[in-house]
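Report on the structure given below.
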Amino acid sequence: MVVSQFIIIFYQWNKMKVRTSDLPMVNLGFISCTEVRMNIHDRIDSLKGIGPKTAVLFEKLKVHTIDDLLRLYPRTYLSYDKPVDIAEAEVGTRVTIKATIQSYVDVKRIRSLKIVTCMVKDGTGAVKLTWFNSPFLKQVFHIGQTYYFVGMISIRNHQRVMEHPEYYTETQYNEKLSSLQPVYPLTDGLSNKVVTKAMQAALPMLSEIEDGVPQEILEKFRLMPLKHAIEGSHFPKSFDEVIACRDRLVFDEFFWFILRMRMLRERTVKSANQYVINDWDVVDSFIEGLSFKLTNGQRQAVTEIRNDMMGNTIMNRLIQGDVGSGKTVIAQIALLATVKNGYQAAFMAPTEVLAVQHYEGVKRDLEPYGVRVELLVGSTKPSQKRKIYEALSKGEIDILIGTHALIQEKVVYRNLALVVTDEQHRFGVRQRAQLSEKGNEPHVLVMSATPIPRTLAIIMYGDLDISVMKDMPANRLPIKNCVVGPKYRPTAYKFMLEQIQEGHQIYIICPMVEASENVDVENVVEYQESLLEVFPESVRIRYLHGKMSPDEKNQIMTDFANGFIDILISTTVIEVGINNPNATVMMIENAEKFGLAQLHQLRGRVGRGDAQSYCIMLCGTERKEAIDRLNILNSSNDGFYIANEDLKLRGPGDFFGIRQSGDMIFQLGDIYNNADILKIANEAVDYLKDFDCSIESLIKDIESEQIQL
Ligand code: ADP
Ligand code: MG
Numbered sequence: 000m001v002v003s004q005f006i007i008i009f010y011q012w013n014k015m016k017v018r019t020s021d022l023p024m025v026n027l028g029f030i031s032c033t034e035v036r037m038n039i040h041d042r043i044d045s046l047k048g049i050g051p052k053t054a055v056l057f058e059k060l061k062v063h064t065i066d067d068l069l070r071l072y073p074r075t076y077l078s079y080d081k082p083v084d085i086a087e088a089e090v091g092t093r094v095t096i097k098a099t100i101q102s103y104v105d106v107k108r109i110r111s112l113k114i115v116t117c118m119v120k121d122g123t124g125a126v127k128l129t130w131f132n133s134p135f136l137k138q139v140f141h142i143g144q145t146y147y148f149v150g151m152i153s154i155r156n157h158q159r160v161m162e163h164p165e166y167y168t169e170t171q172y173n174e175k176l177s178s179l180q181p182v183y184p185l186t187d188g189l190s191n192k193v194v195t196k197a198m199q200a201a202l203p204m205l206s207e208i209e210d211g212v213p214q215e216i217l218e219k220f221r222l223m224p225l226k227h228a229i230e231g232s233h234f235p236k237s238f239d240e241v242i243a244c245r246d247r248l249v250f251d252e253f254f255w256f257i258l259r260m261r262m263l264r265e266r267t268v269k270s271a272n273q274y275v276i277n278d279w280d281v282v283d284s285f286i287e288g289l290s291f292k293l294t295n296g297q298r299q300a301v302t303e304i305r306n307d308m309m310g311n312t313i314m315n316r317l318i319q320g321d322v323g324s325g326k327t328v329i330a331q332i333a334l335l336a337t338v339k340n341g342y343q344a345a346f347m348a349p350t351e352v353l354a355v356q357h358y359e360g361v362k363r364d365l366e367p368y369g370v371r372v373e374l375l376v377g378s379t380k381p382s383q384k385r386k387i388y389e390a391l392s393k394g395e396i397d398i399l400i401g402t403h404a405l406i407q408e409k410v411v412y413r414n415l416a417l418v419v420t421d422e423q424h425r426f427g428v429r430q431r432a433q434l435s436e437k438g439n440e441p442h443v444l445v446m447s448a449t450p451i452p453r454t455l456a457i458i459m460y461g462d463l464d465i466s467v468m469k470d471m472p473a474n475r476l477p478i479k480n481c482v483v484g485p486k487y488r489p490t491a492y493k494f495m496l497e498q499i500q501e502g503h504q505i506y507i508i509c510p511m512v513e514a515s516e517n518v519d520v521e522n523v524v525e526y527q528e529s530l531l532e533v534f535p536e537s538v539r540i541r542y543l544h545g546k547m548s549p550d551e552k553n554q555i556m557t558d559f560a561n562g563f564i565d566i567l568i569s570t571t572v573i574e575v576g577i578n579n580p581n582a583t584v585m586m587i588e589n590a591e592k593f594g595l596a597q598l599h600q601l602r603g604r605v606g607r608g609d610a611q612s613y614c615i616m617l618c619g620t621e622r623k624e625a626i627d628r629l630n631i632l633n634s635s636n637d638g639f640y641i642a643n644e645d646l647k648l649r650g651p652g653d654f655f656g657i658r659q660s661g662d663m664i665f666q667l668g669d670i671y672n673n674a675d676i677l678k679i680a681n682e683a684v685d686y687l688k689d690f691d692c693s694i695e696s697l698i699k700d701i702e703s704e705q706i707q708l
């Protein structure tokens, strides 16, 4: 865990201070480090009540140790309210009723299923309760007893029913009334009850968690102790407490992130430029030869890159441009310049699909200039990998394109002078550091479509210079948007057919199902079946989901890019960076379930060519807030505007459900919603400088201990 690494770092720092200074030691609040018994890092099956089988399930949630477990935070909380009258209970919502048992508990068998039912009533009405496979309830409930039942009321055969209600005695329920129940991220086979129990068992271990943030900072910024924050996040008494605890945890995420980034900057920014790129003649003719004119923003970015690469210190630049603003060609220009000056370059993408797409683009566009390109991804065959490693170290490959595989140990470059990463938000600072270390301090170019305001960008990308590309290519027609209900679906299909007949292609993003990837798979498969019934046989429909092998995914994306597929049904795996200018319709099912930024990214898959494009957002609810939110996208195609409006709509502490999913590398923090905490964390890191210890000396210490950033 990142945080625990930093506990070690601060511990080192602390030791060093003792060695190098006879000033009174600053109270750093983690002096007990020396006597830490490390059992918080024990595997979770050492907890009472967790066997090896359950541990395997937890591993799916990336929980291996007790420490990991304590940092598996609830995704939401259930509150227990005062009971309502049965007659008043709203159908379709979760309510509590206080009711008396009216009938014997009845157990019916239907095939392997045991259905347990029982009638209850209060002074205002009656409800039929049902449970599955819980015959023991016969022994629990007796006529005349009163219980609190919590569940969703629905109507079946004109009768009010509650399925699988939780039940409590008066005393038990009174305890619940004053608390919130955590709801954890789950995986098949692992219930919320089991996770909650495990968490309760792990809580005593909290005393071993060290608060890595120095005491001075805790005091100055009035931060609550880390232990309280973790405990309160799991078992809060109120939503106010949840917010306060989360704020502390979010602070930590940002604080350590910014600190790491500062370290990276100290390491790289001032490095001398060992790869001066002087010859730009080939690049000039490449730009001449493009089938389009560069936008002003693109030209400005090229000038800045050129100045950087010719300058005295190495380039560390972020290109920030909205989806479709044409960042890829900027990467190609930098790659070409590097190679034409006799060096190697690497181009890293967050997914295999995207890496393959970039590989094909670079091959097509740069091979004519005598550039030798290779692809290295996780699924590359071992024999091919070995060949690539060898050719690379001999300098027989000029540009290597790929995923994380590019930074694996075995990859040795002969003279790596430039590293480009696309859609950087998927990579942490750490990967960037690793990649830089591959070469002897190469130039770094990072591309991002995340629309963050400049003040935040400076914090988030503090180690980078920033080029913003504001304008879109001139040939683009603005995407036409609509937000509609499910009833519109047949009309949408009809419209799609017309587009297909005109030679265009279509994306459909399948309904998103929470918590289970397996269900997602079923979903796309079923969706395809339903479409096969609607569209004529000639329409080629395929699907794509996260569980496919990389080869399969790549094949489908290549087929789609080559026009062999008319409709591509997909989960959100499609989201990042895919470019098929011939696709003109993006339909998103259950659009209300996505974050606005993610929807904007999805929509950015169309409108990338000169044909009119359309985005159809199907909204599965009639809730006004959901529709208002989608209308923001409906009314604008500008990523910055959308991010801002999204922020205005969200209240403070509104952190469930609409996180900018996938956007950033934080578990809890959201750079938009928690912008204020981001700023405070930045101040806190600044404040560290007032301590008698530079970040530089920290870094030396880390290196000597071989602790990786
Ligand atoms: P993104 O910024 O989202 O990565 P891409 O680089 O994939 O966008 O570009 C999207 C499409 O726009 C590509 O097909 C690309 O060839 C095209 N393109 C890029 N720059 C221009 C331009 N100046 N004029 C016209 N089309 C352009
Ligand atoms: Mg892109």
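End of the sequence shown = 708 in numbering that gives the first Met the number 0, gap-free, step of one.
Each residue gets a CB set at the ideal place from its N, CA and C atoms; glycine is no exception.
Query                                                                                                                                                           : Result
Let me make sure I understand the geometry here. Which of Ile400, Tyr274, Glu230 has the alpha-carbon closest to that of Glu207?                                : Glu230
Would you list, in sequence order, the uninterrupted alpha helix (DSSP H) runs of no fewer than 4 residues that lie entirely inside the stretch 32–111?         : 51–59, 65–69
Three-state secondary structure (DSSP) at Leu360?                                                                                                               : Note that residue 360 corresponds to Gly in the displayed sequence, not to Leu. Helix, per DSSP.
Measuring straight from C-alpha to C-alpha, what distance separates Asn474 and Val241?                                                                          : 49 Å
In this structure, does DSSP put Lys546 in helix, strand or coil?                                                                                               : coil
Where does Cys618 fall in DSSP's three states?                                                                                                                  : coil
Would you kindly check if the distance between the Cβ of Ile400 and the Cβ of Ala456 is under 7 Å?                                                              : no
Using the three-state DSSP reduction, which class does Asn315 fall into: helix, strand or coil?                                                                 : strand
Taking only the alpha-carbon atoms, compute the straight-line gap between Lys688 and Arg453 and give it to the nearest angstrom.                                : 24 Å
Using the C-alpha atoms, what's the distance from Ile670 back to Ser635?                                                                                        : 21 Å
So what does DSSP say about Tyr613, is it helix, strand or coil?                                                                                                : strand
How far does the alpha helix (DSSP H) with Pro367 in it reach, from first residue to last?                                                                      : Unbroken run through Pro367: none, as it is neither H nor E.
Taking the Cβ atom as the reference point for each residue, do Ala197 and Ile304 lie within a distance shorter than 7 Å?                                        : no
Taking one C-beta from the stretch 402–409 and one from the stretch 335–353 each time, how about it: are there three or more such pairs within less than 8 Å?   : yes
Are Tyr166 and Tyr183 close, meaning C-beta to C-beta below 7 Å?                                                                                                : no
Heavy atom of ligand 2 less than 6 Å from the Cβ of Lys59, yes or no?                                                                                           : no
In angstroms, rounded to a whole number, what distance separates the CA positions of Tyr492 and Ser324?                                                         : 29 Å
Per DSSP, what kind of secondary structure is Lys688 in: helix, strand or coil?                                                                                 : coil
Comparing alpha-carbon positions, which option in Met161, His157, Leu317 lies nearest Lys127?                                                                   : Met161
Output the boundary residues of the beta strand (DSSP E) element that contains Gly401.                                                                          : 398–401
Along the chain, where does the beta strand (DSSP E) containing Ser153 start, and where does it finish?                                                         : 145–155
Is Glu389 buried or exposed, if buried means 16 or more other CB atoms sit within 10 Å of its CB?                                                               : exposed
If you measure between the beta carbons of Lys326 and Met446, is that distance less than 7 Å?                                                                   : yes
Grouping DSSP H, G and I as helix and E and B as strand, with all else coil, what is Pro181?                                                                    : strand
How big is the Cα-Cα spacing for Asp280 and Ile257?                                                                                                             : 39 Å
Quick check: the Cα distance between Leu71 and Asp80, rounded to an integer number of angstroms?                                                                : 26 Å
Leaving out the 5 sequence neighbours to the left and right, which residues in its chain are closer than 8 Å to Leu667 when beta-carbon positions are compared? : Tyr72, Arg245, Leu248, Val249, Glu252, Phe654
Taking the alpha helix (DSSP H) that Arg453 belongs to, which residues open and close that run?                                                                 : 453–459
Is Asp462 helix, strand or coil when you go by DSSP?                                                                                                            : coil
Can you tell me which residues form a DSSP beta bridge with Ser392?                                                                                             : Paired residues: none, contrary to the question.
Assuming Asp462 contacts Asn315 under a Cβ cut-off of 8 Å, what Cβ separation, rounded to an integer in Å, is found between them?                               : 6 Å
May I ask you to check if the CB of Asn578 is nearer than 6 Å to at least one heavy atom of ligand 1?                                                           : yes
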